[in-house]
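Undergrad: Quick one: the structure is below, and I'll ask about it shortly.
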């Protein structure tokens, strides 16, 4: 019997060892496969650094293998090329926060911890710049409350900083109809924590804090948000604790101050007006259908004339449909016409051109917006050069960009009098434009328009007759069969009073074959 038991134990031990060995072997094989997959992704990115899916898969693989430093670099590389989704940012901040917690210890030097904290807050700031995300805002607010060294000590500076952050969150995300209540609730909860930390003998400070919380409740109750009736109940319950409004299980407004009651009723009315639109954009429709629902909703908000509500709705739309050119064009056009706040407008144009690099119209209006904001020549030049690296659907879009850039230089440089250096920059842009566009716009009105503009500036600002004729001759080399090119060249010579030169150009036309009867020359 004893021998049988020993044999069974040995067999059981042998089976366990075998299972563990098999498990370890499978894990090793999985890791080898993942490393091979990683190498293939690295090669794919080396061959095509702009492949969005390869970046995503590379980050996913590095995260799975736990290659921390490579993962950071991969995320940085992707963020330089593309805006990151809220989910990608949340994964990044989560990973960095986890590392901060692992390295945290009572005896640890505070400087590295402070540097890590600052680095993570910087990540959150970058994340919030790409797209609107209420959950990202909540994560950021929670992170600061849990890790800010000044706030953990309840220092006045720490409290002031987190309040400033909450006040930024309110207009950015607190008006989101279905999710904005999360921001308000987090704000009120924080202030209630501060209230509980005040010593009961400090009645003046406690009274001030009570009023601060009351004011937040009042502000929230005036905003059309999901769950507003629950907010009213929470407010009444809180007031009951303070010895104010008697607690009630209903939404009865009898005990609520009249101005709060009025604001609440208005907010509920506004929410009910939007409920149908919110239901439409929440459906699992196709992108095309969702776009139409958003555009209908946006049109409704625009009809009511509240820029803040229109803007946050556009932000929600581009977060869900980030590569919709129609949305970004509509959003930027609205800001240009309505808001006209340079910093805000330029920020949206910057994001629009990162999301829809292939839309020339966005780049054109971005340059014009920079010019209106009196941006530096360095900034204008940088954005222009970036635009030329994009793949537009037509050569005409590139032409519009070149002409917009030249127009801007002309207005900036010639308004207060030009210099040789100023005009040389314009000439260089014209030269680049003709070299770039001539193969694609041969014998087109677009190429004629470019050269006619160039010749006119050489005449009026360059004061160089040889250069004027050189521009026209350059055009005739590539588009000599264009009747209109000859006619405009001749017209400019006549305008300058050079009749003999005009005759010589007419004679050159005799050997040309143009469309029509020939009498047009």
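Residue numbers (our numbering): 1478 to 1998.
All residues carry an ideal CB built from backbone N, CA and C; glycine is no exception.
Confirm, please, whether the CB-CB distance from residue 1560 to residue 1799 is below 8 Å.
TA: Residue 1799 sits at position 322 when you count from the first residue of the chain shown. Residue 1560 sits at position 83 when you count from the first residue of the chain shown. Result yes, Cβ atoms of residue 1799 and residue 1560 sit closer than 8 Å.
Undergrad: In whole angstroms, give me the CA-to-CA distance for residue 1987 and residue 1934.
TA: Translated into positions along the chain shown, residue 1987 becomes position 510. Translated into positions along the chain shown, residue 1934 becomes position 457. Their backbone Cα atoms lie some 29 Å apart in a straight line.
Undergrad: For the alpha helix (DSSP H) holding residue 1923, just list the boundary residues, first then last.
TA: As a working mapping, residue 1923 is identified with position 446 in the chain shown. Its alpha helix (DSSP H) spans residues 1922-1934.
Undergrad: Return the CA-CA distance between residue 1667 and residue 1601, expressed in angstroms with no decimal places.
TA: As a first step, residue 1667 is located in the chain shown; it is residue number 190 there, counting from the start. As a first step, residue 1601 is located in the chain shown; it is residue number 124 there, counting from the start. If you take the alpha carbons of residue 1667 and residue 1601, they lie about 19 Å apart.
Undergrad: If distances are taken between C-alpha atoms only, which option among 1696, 1729, 1566, 1589 comes closest to residue 1740?
TA: By 1-based counting over the chain shown, the position of residue 1740 is 263. Closest option to residue 1740, Cα to Cα, is 1696.
Undergrad: Between the C-alpha atoms of residue 1598 and residue 1692, what's the straight-line distance to the nearest angstrom?
TA: Locating residue 1598 in the chain shown gives position 121, where the first residue counts as 1. Locating residue 1692 in the chain shown gives position 215, where the first residue counts as 1. Going by the C-alpha atoms only, they are around 28 Å apart.
Undergrad: Taking residue 1796 as part of the alpha helix (DSSP H), name the residues at either end of that continuous run.
TA: Your numbering for residue 1796 matches position 319 in the chain shown. Residues 1784-1797.
Undergrad: Report the option in 1541, 1532, 1566 whose CA atom is closest to the CA atom of residue 1554.
TA: Here the question's residue 1554 lines up with position 77 in the chain shown. Closest option to residue 1554, Cα to Cα, is 1532.
Undergrad: Go ahead and label residue 1753 buried or exposed: buried means 16 or more other beta carbons lie within 10 angstroms of its beta carbon, across all protein chains shown.
TA: Counting from 1 along the chain shown, the entry for residue 1753 is found at position 276. Exposed, since its Cβ has fewer than 16 Cβ neighbours within 10 Å.
Undergrad: Determine the contact status of residue 1793 and residue 1653, defining contact as a CB-CB distance below 8 Å.
TA: As a first step, residue 1793 must be located in the chain shown, where it is residue number 316. As a first step, residue 1653 must be located in the chain shown, where it is residue number 176. Result yes, Cβ atoms of residue 1793 and residue 1653 sit closer than 8 Å.
Undergrad: Would you report the Cα separation of residue 1977 and residue 1970, rounded to the nearest angstrom?
TA: Start at 1 with the first residue of the chain shown, and residue 1977 comes out as number 500. Start at 1 with the first residue of the chain shown, and residue 1970 comes out as number 493. Approximately 9 Å, taken between the alpha carbons.
Undergrad: Given a cut-off of 8 Å, decide if residue 1802 and residue 1836 are closer than it, judged by their beta-carbon atoms.
TA: Position 359 of the chain shown, counted from the start, is the residue given in the question as residue 1836. Position 325 of the chain shown, counted from the start, is the residue given in the question as residue 1802. Cβ atoms of residue 1836 and residue 1802: closer than 8 Å.
Undergrad: Quick one: measure Cβ to Cβ for residue 1634 and residue 1618, integer angstroms, because I've assumed they're closer than 8 Å.
TA: If you number the chain shown from 1, residue 1634 lands on position 157. If you number the chain shown from 1, residue 1618 lands on position 141. No, residue 1634 and residue 1618 are not in contact; Cβ-Cβ is about 17 Å, not under 8 Å.
Undergrad: What whole-angstrom Cβ distance do residue 1927 and residue 1880 have, given they're in contact under 8 Å?
TA: Residue mapping note: residue 1927 aligns to position 450 of the chain shown, counting from 1. Residue mapping note: residue 1880 aligns to position 403 of the chain shown, counting from 1. Going by Cβ atoms, the distance from residue 1927 to residue 1880 rounds to 7 Å, so yes, they are a contact pair.
Undergrad: For the alpha helix (DSSP H) that contains residue 1944, what are its first and last residues?
TA: Here residue 1944 refers to the residue found at position 467 when the chain shown is read from its first residue. It spans 1942-1956 - the alpha helix (DSSP H) in which residue 1944 sits, taken as one unbroken run.
Undergrad: Please return the same chain residues whose Cβ sits closer than 8 Å to the Cβ of residue 1638, not counting the five positions on each side in sequence.
TA: Here residue 1638 refers to the residue found at position 161 when the chain shown is read from its first residue. Closer than 8 Å at the Cβ level, and outside the excluded window around residue 1638, lie 1621, 1625, 1627, 1628.
Undergrad: Return yes when at least one heavy atom of the ligand GTP lies under 7 Å from the C-beta of residue 1887, else no.
TA: Questions concerning the ligand GTP fall outside what the structure shown contains, since it holds no ligand whatsoever.
Undergrad: Among the candidates 1661, 1535, 1523, 1844, whose CA atom is the shortest distance from the CA of residue 1512?
TA: Residue 1512 sits at position 35 when you count from the first residue of the chain shown. The candidate whose alpha carbon is nearest that of residue 1512 is 1535.
Undergrad: Please state whether DSSP places residue 1818 in a helix, a strand or coil.
TA: For the purposes of this step, residue 1818 is taken as the residue at position 341 of the chain shown. Coil, per DSSP.
Undergrad: Verify whether the separation of the beta carbon atoms of residue 1823 and residue 1846 is less than 8 Å.
TA: Sequence index remark: in the chain shown, residue 1823 carries index 346 (1-based). Sequence index remark: in the chain shown, residue 1846 carries index 369 (1-based). Their beta carbons are under 8 Å apart, which means residue 1823 touches residue 1846 by this criterion.
Undergrad: Taking the Cβ atom as the reference point for each residue, do residue 1672 and residue 1656 lie within a distance shorter than 8 Å?
TA: Translated into the one-based positions of the chain shown, residue 1672 becomes position 195. Translated into the one-based positions of the chain shown, residue 1656 becomes position 179. It is not a contact, given that the beta carbons lie outside the stated cut-off.
Undergrad: Determine the DSSP secondary structure at residue 1969, reduced to helix, strand or coil.
TA: By 1-based counting over the chain shown, the position of residue 1969 is 492. If DSSP states are grouped into helix, strand and coil, residue 1969 belongs with the helices.
Undergrad: Express the C-alpha separation of residue 1761 and residue 1700 in angstroms, rounding to a whole number.
TA: Looking up residue 1700 in the chain shown gives position 223. Looking up residue 1761 in the chain shown gives position 284. Their Cα atoms are separated by approximately 27 Å.
Undergrad: Please list, in chain order, all residues of the same chain as residue 1726 whose beta carbon is under 6 Å from its beta carbon, the five residues on each side excluded.
TA: Here residue 1726 refers to the residue found at position 249 when the chain shown is read from its first residue. Its pLDDT being 49, under 50, residue 1726 is placed unreliably in this model, and the coordinates cannot settle the point.
Undergrad: What do you reckon, are the CB atoms on residue 1958 and residue 1991 nearer than 8 Å?
TA: Mapped onto the chain shown, residue 1958 falls at position 481. Mapped onto the chain shown, residue 1991 falls at position 514. In this structure, residue 1991 lies closer than 8 Å to residue 1958 by Cβ.
Undergrad: Ignore the nearest five residues each way along the sequence and tell me which others in residue 1896's own chain have a CB closer than 7 Å to its CB.
TA: In the chain shown, counting from the first residue as 1, residue 1896 sits at position 419. Note that residue 1896 scores a pLDDT of 49, beneath 50, so its modelled location is shaky; the value from the coordinates is reported in the next line. Cβ within range, chain order: n/a, list empty.
Undergrad: Locate the alpha helix (DSSP H) running through residue 1702, then write down its first and last residues.
TA: If you number the chain shown from 1, residue 1702 lands on position 225. Where residue 1702 is concerned, there is no enclosing alpha helix (DSSP H), given that its DSSP letter is neither H nor E.
Undergrad: Leaving out the 5 sequence neighbours to the left and right, which residues in its chain are closer than 7 Å to residue 1910 when beta-carbon positions are compared?
TA: Residue numbering aside, residue 1910 sits at position 433 when the chain shown is read from its first letter. Counting only Cβ-Cβ distances below 7 Å, and skipping sequence neighbours, we find 1879, 1927.
Undergrad: Just the Cα atoms here: how many angstroms apart are residue 1733 and residue 1783?
TA: Indexing the chain shown from 1 puts residue 1733 at position 256. Indexing the chain shown from 1 puts residue 1783 at position 306. Approximately 27 Å between the Cα atoms of the pair.
Undergrad: If you draw a straight line from the alpha carbon of residue 1529 to that of residue 1595, how long is it in whole angstroms?
TA: Locating residue 1529 in the chain shown gives position 52, where the first residue counts as 1. Locating residue 1595 in the chain shown gives position 118, where the first residue counts as 1. C-alpha separation (whole angstroms): 29 Å.
Undergrad: If I measure Cβ to Cβ from residue 1548 and keep anything under 7 Å in the same chain, skipping five residues before and after, which residues do I get?
TA: Translated into the one-based positions of the chain shown, residue 1548 becomes position 71. Cβ within range, chain order: 1536, 1539, 1540.
Undergrad: Is the stretch 1601-1617 in contact with the stretch 1700-1712, if contact means three or more CB pairs nearer than 8 Å?
TA: No: fewer than three Cβ pairs fall under 8 Å.
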